[in-house]
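FYI, the numbering for the sequence shown is -24 to -1, 1 to 429, going by mature numbering (1 follows the signal peptide of the UniProt record, and there is no 0).
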Amino acid sequence: MRRFIAILMTLCMVLGMSSVSAWAAEAEGWQTKMMMPTSPYRFDTCVVGDRIFVLSGEKSNLVTIYNTKTDTWKMGTPMPEIPDSTMAVAVGNKVYAICRNTALGGFMQIYDLSTNTWTVEKNMSNLKEGMGVAVIGDNLYMPTWNYLDSTTNMSIYDTVSKTWISSEKKTPIKTAMYAVCTQGTNIYLVGGSDDSRALQVYDSTADTWKVLKSMPTARKYLTAVVVDNKIYAMGGELKGVTNVVEVYDIGQDSWSKGVPMLIERHSFSSEAVNGKIYAIGGKGTSGSLNSIEALQVGNPDSETSNKLSVLLNTTENVQLSTAFDLANNQNFTWSSTNDAVATVDSNGKVTAVSAGDTDIYAENADGTFKEYIPVKVVEGIADELRLAVHLKAGEKAKLYLTDDPSLVTWSSMDESIATVSAEGQVTGVKKGLAIVKAELEGETYQIYVRVNG
């Protein structure tokens, strides 16, 4: 017997709207996390959803994956070629490893999460040795140090056309061994060699460099990440290894002291996930490190907090949106972290493929907005797990939120499946699954509507 449930759930299924808070306040300061299974050197990391991929560097092709939600590690699919050094970024559902070794020179290894396979791009004679890599849109930006004059210019790789170009503009300050981080369309170089306290920014839209306020502590082999419009410059070395953390406010052009790390580190990697900074591996006072520590600096609610999953049976579809106007979806790039589980088209419509879990991302052109919704696909049992309004085509159901319906704005994310009136009356149109949304006093409420033929 079918159940008809007219209950509104506060779900986190409209990108950019309020999320479900399911976290407990963490102890202040850096916290030790599960140790890495390896101690890589000349390695790099990148983030896909809630996972941090660690791609080995010096004479190792191992890939390890850290789950930030469960504080656990697992081995990933090894890279085909063994690099001497690696730089890594993620674009959509692909991980790009920019590598060098003696046999091949510069080359690129690309991992497709949807197929769990690597491909290798060789014969990249124009691939220079970079100091880091950042991603803006579909392009990879690699600050390239010129050993002849110690300046840096930007090498840019288009992941669509698979071509490299180089900017002729050079950094105002000569330095190397700096940290690289990005915010929106800007790429920041922090610190570096020659006792550098420099902070330089590259505007990718204008192809220009600018010098910003100097960092208080000079150091090289440090790392940097951006959280809530602030740059966290961590660790490094100058006259010994340090655990110092300094924070640059991008809007104020000012520096302040941060919370020191538990361990002195240089040549390590750092990532920010859900408002939390992770310091990973590197070298310490006694050699290679396999430790990882984390510091909560941002509000998880403002980023990728714990979220309720969209639950689908295989072959089902559901429409996601970034605003009340579905046409706004076309201003975002949509992607799935696992196309084998569910795909998403350019308008945000999700199709369930096979049982499993994936995240559906929406990102705007300049990278200043990037959000995701988890999707869980099951084999034919979604109705037993999902609270929903069930209708036949032509049937109606009245939803309730407040005694004064004029205060509520109703909308259907897929009017080809179900429509909703200004008074909250839902009408089934054809077989399928839709999400009906209501907005009241700045809060968003949603519910599944399943229409049977």
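Note that beta-carbon positions come from the ideal geometry of N, C-alpha and C, so glycine has one too.
Between the Cα of residue i and the Cα atoms of the options, which residue gives the shortest distance?
i           : options                           : result
Val221      : Arg195, Gln228 and Lys215         : Arg195
Ser137      : Asp114, Val329 and Ser330         : Asp114
Ile141      : Asn162, Pro119, Ala338 and Ile149 : Pro119
Gly211      : Lys259, Ser230 and Thr184         : Lys259
Ser36       : Arg18, Tyr42 and Thr46            : Arg18
Tyr224      : Val166, Tyr178, Asp183 and Val249 : Val166
Ala110      : Thr158, Thr46 and Val187          : Thr158
Lys9        : Thr44, Met130 and Thr21           : Thr44
Leu207      : Thr218, Ile239, Asn307 and Gly251 : The displayed chain sequence assigns Ile, not Leu, to residue 207. If we check each option's Cα against that of Ile207, Gly251 comes out closest.
residue 434 : Asp88, Thr14, Met130 and Ala341   : Here the chain covers residues -24 to 429 and nothing more, so residue 434 does not appear.
Phe345      : Asp379, Asp315 and Trp310         : Trp310
Ala270      : Ser245, Asn99 and Ala398          : Ser245
Asn122      : Glu419, Met100, Thr147 and Asn99  : Thr147
Ile226      : Ile163, Asn219 and Ile112         : Ile163
Gln422      : Ala64, Val412 and Asn428          : Val412
Arg241      : Ser232, Ser262, Lys233 and Met51  : Ser262
Asp204      : Asp321, Gly418 and Gln272         : Gln272
Thr127      : Ser243, Trp185 and Ile112         : Trp185
Lys145      : Val202, Asp321, Asp183 and Gln176 : Asp183
Would you grab the beta carbon distance between residue i and residue j for me? Rounded to a whole angstrom, and I think it's under 8 Å.
i      : j      : result
Tyr154 : Met191 : Actually they do not touch by this definition, with Cβ atoms about 10 Å apart.
Lys352 : Leu409 : About 14 Å; that fails the 8 Å criterion.
Gly25  : Tyr254 : Actually they do not touch by this definition, with Cβ atoms about 14 Å apart.
Leu80  : Glu57  : 7 Å
Leu416 : Leu377 : 6 Å
Trp6   : Val235 : 6 Å
Ala341 : Trp386 : Going by Cβ atoms, the distance from Ala341 to Trp386 rounds to 30 Å, so no, they are not a contact pair.
Asp229 : Leu198 : Actually they are not in contact, since the Cβ atoms of Asp229 and Leu198 sit about 20 Å apart, beyond 8 Å.
Tyr424 : Val365 : 7 Å
Tyr178 : Met130 : 6 Å
Counting only the same chain and skipping the five closest in sequence on each side, list residues whose C-beta sits under 6 Å from that of residue i.
i        : result
Ala3     : The pLDDT assigned to Ala3 is 47, lower than 50, so where the model puts this residue is not dependable; a value taken from the coordinates is nonetheless given after this. Cβ neighbours of Ala3 beyond the five flanking positions: none.
Leu(-10) : Unreliable positioning characterises Leu(-10) in this predicted model, as indicated by a pLDDT of 34, which lies under 50. A coordinate reading is not provided.
Ala200   : Ala155, Cys157, Val166, Ile207 and Ala209
Tyr133   : Leu116 and Trp140
Ile28    : Thr21, Tyr42 and Glu247
Leu238   : Trp6 and Glu269
Glu419   : none
Asp315   : Ser90
Arg173   : Ser190, Met191 and Ala194
Would you kindly report the start and end of the unbroken beta strand (DSSP E) that includes residue i?
i           : result
Lys228      : For the sequence presented, residue 228 should be read as Gln rather than Lys. First-last for Gln228: undefined, no H or E at that position.
Leu165      : Asn162 to Val166
Asp20       : Asp20 to Val24
Gln272      : Ile268 to Gln272
Asp179      : Leu175 to Asp179
Leu288      : Val286 to Asn289
Lys372      : Lys372 to Lys374
Glu213      : Premise fails: Glu213 is in no beta strand (DSSP E) and is neither H nor E.
Glu415      : Gly408 to Leu416
Val111      : Ala110 to Ile112
Gly5        : First-last for Gly5: undefined, no H or E at that position.
residue 434 : Because the chain here runs from -24 to 429, residue 434 falls outside it and cannot be looked at.
Arg27       : Arg27 to Leu31
Leu116      : Asn115 to Trp121
Tyr348      : Lys346 to Val354
Gln401      : Gln401 to Gly404
For residue i, which residues in the same chain have their Cβ closer than 8 Å to its Cβ, ignoring the five residues on either side in sequence?
i      : result
Asp171 : Ala194 and Leu214
Leu302 : Gln295, Asn323, Gly324 and Met389
Leu124 : none
Val317 : Ala328, Val329, Ser330, Ala331, Gly332, Asp333, Thr334, Val351 and Val353
Thr395 : Ser388, Val402, Thr403 and Val405
Met12  : Val30, Thr40, Tyr42, Trp49, Ile256, Gly257, Asn266, Ser267 and Ile268
Thr290 : Ala328, Val329, Ser330, Ala331, Val353, Val354, Glu355 and Gly356
Pro381 : Ala398, Glu399 and Gly400
Lys70  : Ile86, Tyr87, Asp88, Leu89 and Thr135
Val429 : Note that residue 429 corresponds to Gly in the displayed sequence, not to Val. Answer for Gly429: Lys368, Ala369, Lys406 and Lys407, listed in chain order.
Which same chain residues end up closer than 7 Å to residue i when comparing Cβ atoms and leaving out the 5 residues on each side of it in sequence?
i      : result
Thr181 : Thr161
Pro16  : Val30, Ser32, Gly33, Ser36 and Gly257
Ser169 : Thr151, Ala152, Met153 and Lys196
Asn305 : Ser297, Thr298, Asn323 and Gly324
Val23  : Ala66, Glu247 and Val249
Gln85  : Met55, Pro56, Glu57, Ala73, Cys75, Trp94 and Val96
Ser264 : Ser15 and Tyr17
Asn92  : Thr53
When you compare the region 394 to 405 with the region 365 to 385, are there three or more beta-carbon pairs, one atom per stretch, that lie closer than 8 Å?
Output reads yes: the region 365 to 385 touches the region 394 to 405.
Could you say if the region 324 to 342 and the region 283 to 299 meet the contact criterion of at least three C-beta pairs nearer than 8 Å?
Contact between the region 324 to 342 and the region 283 to 299 is established, with three or more Cβ pairs separated by less than 8 Å.
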